[in-house]
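Chains as they are written, first to last, in the numbering used here: chain R, 1 to 269; chain D, 1001 to 1283; chain E, 2001 to 2318. Idealized CB from N, CA, C, for every residue including glycine. Structure first, commentary second.
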Amino acid sequence: MHELLLFASVPAHQHHELLQQLAGLTAMQPRHRLERRLIFKAYRKPGLINTRVGASQDLQGNEMQRLNKMLNGGMFYTQVVGPLDESDFGLNRSSAGDPDAAMSGTEELPTNGPTYSYENQPWKLEFRDIPEAGTRSAVTARLMASSSLPKGDISTPMTAWGYSFVSEYVVEGDIFVLDDIVIFLHRVLNYPTEPQSHEPRRELPPLSDMVLLERSGSYVLQASITVQDGGNQEMMKTASQHLFGLREQLKSAVRLEQADRLSLDTRAK
Amino acid sequence: MSTPTKDQIKALEQSRQRLVQLTHSLASLIASLNQSDPLPSWPSLQSQATILSNNLLSISEHLSENQPLLSSLVAYPGPDFPGRTQAPTLEQLLRTKLDPRVEDWVARGRRRAVPDTNSNNNNNGGDGVTADNDNNLSEHDLAELWHWAPVEANREARQRDWGGDYTLEERQGGVANVVTGLRRVLDDGEDDLESSGSSEGEGNEGQGEDEEMEVVGVRMRPGAGAVAGGGGLEFDIATGGAHGASAVGGEDGGVGVQKVVAPVVPLEGILRFMTTGAQPGQR
Amino acid sequence: MSTTGVFFIPSNPNASTALATITERLHTALADNPIPIGRWALEHKLMRDTPSCLPASASQHRPQHPRYLQFLSLSYSPHHGFIYTSQPDATTQTGKANTPTPTPTPHPQPTPQQNPHHHHPADPTKGATLPVMTTLPLPSTSTLFSHFVYACQPFWCHRHTVAVPGGTVYDVGDFRVRIGDVRQTQPTARVRGTVVEIEWRGPSIVSTIVARTSPTASSREGNDAGDGLVTAEDIQDGDVEAEYRACAALIREFWAKLGVEGAREAILVPGVGTEVVGRLQRWRKGLVAVSGVNEEDPDPDAGVDVARQFMEIFRFNR
């Protein structure tokens, strides 16, 4: 699968207005979204890289070459993303009239206290390659893969698969959908404290304690289209056209553009 | 040590036969439970149970009759025993203790038997001490309970109106008095039972909000222009997003005074952080 | 989930497989008549850590114990595929007497009667560095596989893909037997042998536990085994272990009756029964309902034991 993207930076003061403009444009209510994002990095044991391509008798030369090429192949950062609900965060003040209670119907009594259950946290692996080089068109295009992962403790399988946990943060924002374009207006929240151990947190602090990564409170607007068959140039071109269309429509509000390729560099060195 | 006499061998052979019988009866019960569809009828199950209990009875009688013999017998392998190929059988025969698994069974059976005898004693005492555990309900009590429950449940159910958010009782007592714990106002579904003034007001407000949210961009609210409102307001639109996010938003509410603030961290820095976790400014 | 055993009879690339023999014996060597009840299929992909694929002479850093990453899908586990991964410090997981050790030149396992299992059965509940068993919806397993092939070349190398494209399922008395020819589809197409899965479907503690703790408690298994009299306190962890051993004996006996030589066996493989013991422990604590049932997959644990057995079998030759 491929992903085509455009980005824009949205200052905090413009956020409310843009939210309304997007709602008008897409004729839909914003879909609020909170996500835990864990960053994992592929690791390799030191010392394994410098294998000698010697005059080996054991394996045929081309097999040897292939393996050696593989050993020196690319390694990547990858993300593990889990949806959150506001009620997953810890509470620091009484919130008896939680708006969620009204949505979940009458069967449940509103519960107090943090309800986050790490054991039941669903996860997805979200892999993104470094964006393709050579700016054929003015959009960011990259290979992507998305896959369900088991619930709960994700570091055990990830470690076994060769990834080590780097860090984590929370993304909050709103999603709109316009035809095949997914528009995500979001910003990054950091955890207020350093984790005790170097692995994903099992508890979440109150949402209000989360710290903005960008202190002025600005947002990132991301417009993306996924293309199932990235090799199909026709499809890729059509998708780019759609993104350019959106860029025109939003021209007076924000400047959507291609991202700096190296800022989306997922290669692990 | 002497070789066993004919009688003794006969006693042993009888034990074996009775045990074989018991395993057969058990096997046939299991088979009939597993295979027959529909399940075997009660009479057939009962007759099998009777057979089993007779088997057990005869074994127990037989064992106690021959207790002196059986407890004095010692097995040892003769020279012509095929020990090499029949090692597991040999091990079984030479065991002096029960198999650990069987030992557990026995222990568990004993444990379970204890409370039963106790409660029997209590009942025999005649003081009507009923067990605090429904395991100890007698067959008869259980049957009675089952007989009673569906009728009673049905009767209770008929007394209720299942259509709305409130029960008939709650309506009669006044809907306003019901503590639902919800901020949302429930539609009581009956015009003649209008809710009290305060909750009605809230209800309208709630509906008004809904309507407002349909027409995005027209939304105006007193205080929207006020400086500090910026943070909280935007999240009122995002359904379900009000609570914590507005608290976070409060942080930029302060900054919002300047009205136009350029982001401190460039877009590249944010994207880089999201991709690799590298803190902006220290790449 | 029930107790199973997997047997594999390797064959030479151009020779005929043992399939015909086994099918014939199934009909002649047993008291019960086999009833064909359907078809089955599987696919298995083996990855191995790239450094360990190098010849020993090429790298002094070649790890002593290769690590494996295996993907398995079974047609009778339609809700998920299985991923089985060696732990990073994989020094203890294979190579013990318990399992057929994957070696470059596979020796046929000794016949079941002489198998060391009898006297040193694998403990199904313990093990510090057992491989990680993961189940995921099928589309996700194939996405993950592609991901590893693309983005993890320095540490995962795809060695082979084998498949049983069309096997046959028989019911024989209390057993269910799945047999089929194993074909390698990558890197080169060839026949690898015949695989036989024997499932014990008679009464067992394991099926009772599974039925009682299953998120879908009204499944067929539940009616078979839920006798309503057993409580969690009646079953000790050790009983489960003993049960696995007892069923293993039944399965070996069944297999021995077929009289097929040269098979490799996987029954009491490391980690077998882990989920069942876990469920029993939850049950004892009164947590019968697994919270947050996944709509995509009613029971993520289903089939993990048989998957482990297949994984042991298919770790051959690379």
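Quiz item: What number of angstroms, rounded off, separates the C-alpha of E/F2155 from the C-alpha of E/V2149?
Solution: Taking the straight line from one Cα to the other gives about 10 Å.
Practice problem: Using beta-carbon positions only, say whether R/H186 and R/V166 come within less than 8 Å of one another. | Solution: Contact: no.
Exercise. Count the other CB atoms, across all protein chains shown, that sit within 10 Å of the CB of D/G1277; report buried if there are 16 or more and exposed otherwise.
Key: D/G1277 should be labelled buried.
Exercise. Please name the residue, chosen from R/R33, R/L178, R/P157, that lies closest to R/A24 on a Cα-to-Cα basis.
Key: What sits at residue 24 of chain R in the sequence shown is Gly, not Ala. Closest option to R/G24, Cα to Cα, is R/L178.
Quiz item: From E/S2140, E/L2138, E/G2202, pick the residue whose C-alpha is nearest to that of D/L1033; which is it?
Solution: The residue with the shortest Cα to Cα distance from D/L1033 is E/G2202.
Quiz item: Within 8 Å (strictly less), CB to CB, does E/S2077 reach chain R?
Solution: Proximity of E/S2077 to chain R, defined by a Cβ-Cβ separation below 8 Å, is not satisfied.
Practice problem: Report yes if the CB atom of D/N1055 is closer than 8 Å to the CB atom of D/Q1021, and no otherwise. | Solution: Between D/N1055 and D/Q1021, the C-beta gap is smaller than 8 Å, which places the two residues in contact.
Quiz item: Who are the Cβ neighbours of R/T266 in its own chain at under 6 Å, not counting the five residues just before and after it?
Solution: Close CB contacts of R/T266 within its chain, under the 6 Å cut and outside five residues either way in sequence, are with F76, Y77, R128, I130 (chain order).
Exercise. Tell me whether D/R1111 sits in a helix, a strand or coil according to DSSP, three-state version.
Key: Three-state DSSP puts D/R1111 in a helix.
Self-check item: Whole-angstrom distance between D/R1101 and E/A2242, CA atom to CA atom
Solution: Going by the C-alpha atoms only, they are around 8 Å apart.
Quiz item: Is it true that the CB of R/P195 sits closer than 8 Å to the CB of R/S155?
Solution: Cβ distance not < 8 Å, so R/S155 and R/P195 don't count as in contact.
Practice problem: Compare the C-beta of D/L1267 with all C-beta atoms of chain R and state if any pair is closer than 8 Å. | Solution: Cβ-Cβ to chain R under 8 Å: yes for D/L1267.
Quiz item: Relative to the C-alpha of E/E2199, which residue among E/R2252, E/P2187, E/T2274, E/V2191 is closest?
Solution: When each option's Cα is compared against that of E/E2199, the closest is E/R2252.
Practice problem: Report the rounded CA-to-CA distance for R/E126 versus E/H2147, giving the unit in angstroms. | Solution: Each residue's alpha carbon lies about 10 Å from the other.
Practice problem: Assuming E/G2193 and E/I2179 form a contact by the criterion Cβ under 8 Å, report the distance between their Cβ atoms to the nearest whole angstrom. | Solution: So it is not a contact: roughly 11 Å between Cβ atoms.
Quiz item: What residues of chain E sit near R/P150, judged by a beta carbon separation below 8 Å?
Solution: Ordered by position in chain E, the residues that pass the 8 Å Cβ test against R/P150 are T2134, T2135, L2136, P2300.
Self-check item: Coarse secondary structure for R/N190, derived from DSSP in three states
Solution: Correct three-state label for R/N190: strand.
Quiz item: Can you find a CB in chain D that lies within less than 8 Å of the CB of E/F2314?
Solution: Cβ-Cβ to chain D under 8 Å: no for E/F2314.
Quiz item: If you run the structure through DSSP and keep just helix, strand and coil, what is E/V2290?
Solution: Annotation note: pLDDT 49 at E/V2290 (below 50); position unreliable, coordinate value reported separately. Three-state result, E/V2290: coil.
Exercise. Output the distance between the C-alpha atoms of R/H13 and R/L19, rounded to the nearest integer angstrom.
Key: Distance between the alpha carbons of R/H13 and R/L19 is about 11 Å.
Practice problem: With DSSP as the reference, label R/H13 as helix, strand or coil. | Solution: Of the three classes helix, strand and coil, the one that applies to R/H13 here is helix, per DSSP.
Self-check item: Per-residue contacts from E/Q2236 into chain D (C-beta, under 7 Å)
Solution: Result: D1104.
Quiz item: In or out: E/F2071 buried (at least 16 other Cβ within 10 Å) or exposed?
Solution: Counting Cβ neighbours within 10 Å, E/F2071 comes out buried, since at least 16 surround it.
Practice problem: List the residues that DSSP assigns as beta-bridge partners of E/G2180. | Solution: Under DSSP, E/G2180 forms a beta bridge with E/V2195.
Quiz item: What three-state label does DSSP hand E/K2285 in the structure shown?
Solution: In the three-state DSSP reduction, E/K2285 falls in the coil class, being neither helix nor strand.
Quiz item: For a contact meaning CB atoms closer than 8 Å, what does D/T1089 contact in chain R?
Solution: Residues of chain R whose Cβ lies closer than 8 Å to the Cβ of D/T1089 do not exist; the shortest such Cβ separation is about 44 Å.
Quiz prompt | Within-8 Å CB hit, D/R1108 to chain E | solution = It does: the Cβ of D/R1108 has a partner Cβ on chain E nearer than 8 Å.
Quiz item: Quick one: is D/H1024 buried, meaning 16 or more other Cβ sit within 10 Å of its Cβ, or exposed?
Solution: By the neighbour-count rule (16 or more Cβ atoms within 10 Å), D/H1024 is not buried but exposed.
Self-check item: chain E contact for D/A1270 (CB, 8 Å cutoff)
Solution: Here the sequence assigns Ile to residue 1270 of chain D, which means Ala is not the residue at that position. Not flagged as an interface residue toward chain E: D/I1270, since no C-beta distance is shorter than 8 Å.
Self-check item: Minimum C-alpha distance to R/G73 - residue among E/P2051, E/T2085, E/S2077
Solution: For the options E/P2051, E/T2085, E/S2077, the alpha carbon positioned closest to that of R/G73 is the one of E/P2051.
Self-check item: Inter-residue Cα distance where the pair is R/E203 and E/T2003
Solution: Straight across, the Cα-Cα distance linking R/E203 with E/T2003 is about 38 Å.
Quiz item: With respect to the beta strand (DSSP E) encompassing R/Q79, which residues constitute its N-terminal and C-terminal limits?
Solution: Start and end: 77 to 84.
Quiz item: At a cut of 8 Å, does the segment 2008 to 2018 of chain E reach the segment 236 to 254 of chain R through at least three beta carbon pairs?
Solution: At 8 Å Cβ cutoff, the stretches do not touch.
Self-check item: Local conformation of R/F333 per DSSP, three classes
Solution: In the structure displayed, chain R extends from 1 to 269; residue 333 of chain R sits before or after that span and is not available.
Exercise. Since I believe R/V81 is in contact with R/R36 (beta carbons under 8 Å), could you give me their beta-carbon distance rounded to a whole number of angstroms?
Key: R/R36 to R/V81, Cβ: 7 Å. Contact.
Quiz item: Name the chain D residues whose beta carbon is nearer than 9 Å to that of E/P2203?
Solution: By Cβ distance, chain D contributes I1030, L1033, N1034.
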